[in-house]
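In terms of numbering that gives the first Met the number 0, the sequence shown opens at residue 0 and continues consecutively.
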Amino acid sequence: MIHIDWAMMAFGLAIGAVMSAMFFTGLALGMRAALRSAHPVRVLMLSAGLRISCLLGIGWLVVDQAGPWSLLGYAAAFVLVRAIATMVARAGLPVRSAE
């Protein structure tokens, strides 16, 4: 029987939730900046590169320090936060002015 390390999974879930929230906040900020920019592709590429690098880099550190069960928690947190972010985006809630 496989032993599941629930503490490390919870650790990965907690760190993953924070990093995923930062990832999607960065996505929103990058989109707003790109829409105001004269060169939106450059802004989006820079934003994507920074967000992906940070998400994967911190994920690597979490797995290195806490083991493979933390990776499962980290990935599950990303999927959960992504689902919440897409539900909020599809809800069409009013957004305050970017200016």
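Think of the CB as a built atom: it goes at the ideal place given N, C-alpha and C, for glycine as much as any other residue.
Checklist entry - For Ser19, does the three-state DSSP call read helix, strand or coil? => result helix
Item to check | Cβ-Cβ distance between Trp68 and Met8 below 9 Å | outcome: yes
Checklist entry - Going by alpha carbons, who is nearest to Ile51 out of Leu26, Arg31, Asp63, Ile14? => result Leu26
Checklist entry - When the Cα of Ala20 is compared with those of Leu79, Pro93, Ala90, which residue comes out closest? => result Leu79
Item to check | Extent of the continuous alpha helix (DSSP H) to which Asp63 belongs | outcome: 39 to 65
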